[in-house]
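Residues 5 to 294 (my numbering) are what the sequence shown spells out, left to right. What follows is a short report on a single structure.
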Amino acid sequence: MIVDDSARVGVDVGGTTTRAVAFDASLSSLAIESAPTPHGAIPIARRVAELVDALRGPATSATRSASIAVCMPGRVDVATGTVADAVNLGIDAPVDMGALLADALGAPVQLENDVNAAALGTFHHLGLDARSSLAYINVGTGIAAGFVLAGRMWRGSTGGAGEIGHIPMRADGPPCPCGQVGCAEAIGSGRAVGHDPQRRADVLAAVAWTVQLCALTLDVDLVAIGGGLTEVGQPFMDALDARLAEREAASPFLTSAGLRRRVRLAPAGTPLGAAGAVLAARVASAERAR
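Here you go:
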């Protein structure tokens, strides 16, 4: 699928699948190319280039000069393009992913954390205004959160904001690849539970716990839930609501915090990460132009 030069391309490198999406100026998707995500920085850079080239068609000076927005897991330094701690992708030590991607693509690259990008994409698609705040919890291969506070993405001082899946929730829980024990990600993520339907309660417990953390620490207006394990849609949200209702019934404090009223499902069928990556790239470009 060849897209014209006015399209913007965003790439979402997930723990399982990588998707490259071409958008028009209003962030409506025009075309999508996807493939399994390989392990390791160099194979990932090659896969991203393959998918983007499938969207762009034969290389021209115009398509090769157009910048590409890429989001991926891990601790992402947007200023330097360095990625670290992307354990689900086989990236442990810091790597200059921005340079690898730019070399493979032959174009400038704006890099962003995938869940931060999805949070920004969700904020945009929900039509929230600049005064609003949102926490986006991604429940997929891993568990992580992204935050948009007063209309602006919050990355934290080192780019590590939102690694909520690596906060231990059970002292007697299983070991986590991050080196800790009992992390939410080790208990209720897709990697932890696989396809075992008997582990559904573990997923709900982990998500309810992360919702409570986001609501009580940041007091956000909304907590949006997305990711591969939420694709069943409303049945997942109904089960989560029941779990949050149990928490509220056991605590007047949690009742007053209003956990349940803040939660909603992220827009389905929308490439939120890729859209958010393009939005983040627009913001970065505008800030550089000042």
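Every residue, glycine too, gets a C-beta built ideally from N, C-alpha and C. Computed from a predicted model, the values in this text were never measured in an experiment.
Go ahead and label residue i buried or exposed: buried means 16 or more other beta carbons lie within 10 angstroms of its beta carbon, across all protein chains shown.
| i | result |
| --- | --- |
| Ala66 | Its pLDDT being 47, under 50, Ala66 is placed unreliably by the model, and the measurement read from it follows with that caveat. Result: exposed. |
| Val74 | buried |
| Thr64 | For Thr64, the predicted structure reports a pLDDT of 49, less than 50, and the residue's modelled location is therefore unreliable. A value from the coordinates is still provided. Exposed, since its Cβ has fewer than 16 Cβ neighbours within 10 Å. |
| Gly237 | exposed |
| Gln114 | buried |
| Thr41 | buried |
| Arg247 | buried |
| Thr162 | exposed |
| Asp118 | buried |
| His170 | buried |
| Leu22 | According to the sequence shown, residue 22 is Thr rather than Leu. When all chains shown are included, Thr22 counts as buried. |
Assign residue i to one of three DSSP states: helix, strand, or coil.
| i | result |
| --- | --- |
| Arg195 | helix |
| Glu37 | strand |
| Thr21 | strand |
| Met173 | coil |
| Arg135 | coil |
| Pro179 | strand |
| Arg159 | coil |
| Asp16 | strand |
| Ala285 | helix |
| Gly230 | strand |
| Ala165 | coil |
Considering residue i, what are the terminal residues of the alpha helix (DSSP H) in which it resides?
| i | result |
| --- | --- |
| Asn298 | With the chain represented from 5 up to 294, any question about residue 298 goes unanswered, as that position is not in the structure. |
| Thr214 | 204 to 222 |
| Asp118 | 118 to 129 |
| Ala246 | 238 to 253 |
| Glu55 | The sequence given here places Leu at residue 55; Glu does not occur at that position. Element bounds for Leu55: 45 to 60. |
| Gln261 | The question names Gln, yet the displayed sequence has Ala at residue 261. Where Ala261 is concerned, the enclosing alpha helix (DSSP H) stretches over 256 to 261. |
| Ala73 | No alpha helix (DSSP H) contains Ala73, which is instead part of the beta strand (DSSP E) from 72 to 76. |
Taking the alpha carbon of residue i as the reference point, which residue from the options has its own alpha carbon closest?
| i | options | result |
| --- | --- | --- |
| Asn92 | Val17, Arg265, Leu258, Val13 | Val17 |
| Ala2 | Thr162, Ile191, Met157 | Limits of the chain in this structure are 5 at one end and 294 at the other, which puts residue 2 out of reach. |
| Ser30 | Ala279, Arg294, Gln114 | Ala279 |
| Leu233 | Arg51, Gly144, Gly85 | Gly144 |
| Ala39 | Asp28, Cys187, Phe151, Val52 | Val52 |
| Val56 | Arg79, Val25, Leu153, Val82 | Val25 |
| Ala35 | Gly164, Val227, Ala270, Leu59 | Leu59 |
| Ser302 | Thr274, Val87, Arg79 | The displayed coordinates of the chain run from 5 to 294. Any statement about residue 302 would go beyond what the structure contains. |
| Gly19 | Val287, Arg292, Ser193, Ser260 | Ser193 |
| Asp28 | Val282, Gly102, Arg292, Thr22 | Val282 |
| Arg159 | Ile229, Arg79, Pro112 | Arg79 |
| Leu124 | Ala111, Leu138, Pro112 | Leu138 |
Looking at the unbroken beta strand (DSSP E) that takes in residue i, where does it start and where does it end?
| i | result |
| --- | --- |
| Arg294 | That residue, Arg294, is in no beta strand (DSSP E); it is neither H nor E in DSSP. |
| Gly150 | 147 to 153 |
| Leu138 | 138 to 143 |
| Ala96 | Residue identity differs from the one stated: residue 96 is Asp in this sequence, not Ala. First-last for Asp96: undefined, no H or E at that position. |
| Arg79 | 79 to 81 |
| Leu31 | Looking at the DSSP string, Leu31 is not in any beta strand (DSSP E), and its letter there is neither H nor E. |
Could you give the C-beta distance for residue i and residue j, rounded to a whole number, given that I count them as a contact under 8 angstroms?
| i | j | result |
| --- | --- | --- |
| Ile168 | Ala196 | The pair is not a contact, with the Cβ atoms about 15 angstroms apart (cut-off 8 angstroms). |
| Ile147 | Ala205 | Ile147 to Ala205, Cβ: 15 angstroms. No contact. |
| Met157 | Trp213 | Not a contact, Cβ separation roughly 24 angstroms. |
Counting only C-beta atoms, is residue i closer than 8 angstroms to chain B at any point?
| i | result |
| --- | --- |
| Arg79 | Absent here is chain B; the protein component of the structure consists of one chain. |
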